[in-house]
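Quick note on numbering: full-length UniProt numbering labels position 42 of the sequence shown as 42, and the sequence is numbered without any gaps.
All C-beta atoms in this analysis are idealised placements derived from N, C-alpha and C, irrespective of residue type, glycine included.
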Amino acid sequence: MLGRHLLSRSTLLCSTTKKYTVFEKRFISTTFKYDELEIIRAEPSKMFEKPADIDTVKFGHVFSDHMMEVDWHIEKGWEKPVISPLHNFSLHPASNVLHYAIELFEGMKAYRGVDNKIRIFRPEQNMERMRRTAARSSLPDFDAKELINIISKLVKIDKEWVPYSSTGSLYLRPTLIGTDVSSFYKLFTNIE
1 MLGRHLLSRS
11 TLLCSTTKKY
21 TVFEKRFIST
31 TFKYDELEII
41 RAEPSKMFEK
51 PADIDTVKFG
61 HVFSDHMMEV
71 DWHIEKGWEK
81 PVISPLHNFS
91 LHPASNVLHY
101 AIELFEGMKA
111 YRGVDNKIRI
121 FRPEQNMERM
131 RRTAARSSLP
141 DFDAKELINI
151 ISKLVKIDKE
161 WVPYSSTGSL
171 YLRPTLIGTD
181 VSSFYKLFTN
191 IE
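Here it is in structure tokens:
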């Protein structure tokens with residue numbers, strides 16, 4: 001399996017269909033939109049070499065050329081989503097994800113069918129589970145369909161990373177991490 005981390009810098013999540021208390025309303029914002037997606041493609045000279053033999057790839061050790069990020073801030077809500085070349089991002093040493101584990105992730109797979117068509121396995125169920133986890137963690141909500149559309153676009157851009165194999169797949173890992181800087185636990189205001 002090819003390892004792939006889909007970093008959603010402040011991406012995703014929050015609740016399903018429940019009534020919100022006044023306290024919870026501060027976490028509700030409009031969602032990011034596929035129509036606002038910015039795409040920055042990796043330069044061909046900076047693209048990674050694809051593995052020749054999928055069966056020799058260790059899980060989580062090979063990454064594709066692009067990632068998706070979208071930031072959320074308590075005062076602005078969700079910003080515009082961006083697909084860009086895979087890169088490191090900076091965190092302050094006091095970011096609450098590092099001290100209080102304010103984060104969550106989901107695991108998904110993109111694979112080729114016998115007809116060579118690329119499919120993502122059960123994305124709706126993955127996104128609803130992610131939203132439920134976010135709601136339980138008081139993290140911001142998002143529209144599951146919008147995120148699925150963005151992830152589908154990311155997979156289309158990196159389609160050559162989806163193995164031509166019946167034994168392998170491209171592993172997708174949408175994540176949501178708290179990036180507030182604080183040496184004590186508090187409710188977050190920034191998410192990556």
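Asp65 is positioned such that its CB atom lies closer than 8 Å to that of Pro85. In the displayed model, Val155 falls within a helix according to three-state DSSP. In the structure shown, Ala94 adopts coil according to DSSP, grouped into three states. Per DSSP, Glu128 is one residue of the alpha helix (DSSP H) stretching across Pro123 to Arg136. Here Asp35 is exposed. Its C-beta has fewer than 16 other C-beta atoms within 10 Å.
A Cβ-Cβ distance of about 14 Å is found for the pair Lys109 and Leu154, leaving them out of contact under the 8 Å criterion. Ranked by Cα distance from Ile83, the options Arg119, Thr30 and Glu69 are led by Glu69.
Relative to Gln125, the option among Gly113, Glu106 and Lys50 whose CA is nearest is Glu106. Look at the beta carbons and you see the segment 113-133 not touching the segment 43-50: under three pairs across the two are nearer than 8 Å. For Ala110, the enclosing beta strand (DSSP E) covers residues Met108 to Arg112.
Here DSSP, grouped into helix, strand and coil, assigns Thr175 to strand. Spanning the alpha carbons of Met127 and Lys117 requires a straight line of approximately 22 Å. A check of alpha carbon separations from Pro174 across Glu103, Pro93, Leu37 and Thr56 identifies Glu103 as the nearest. By DSSP's assignment, Phe105 forms a beta bridge with Thr175. Its chain contains Ile118 as the residues whose beta carbon lies nearer than 7 Å to that of Lys159, once the 5 sequence neighbours on both sides are disregarded; these appear in chain order.
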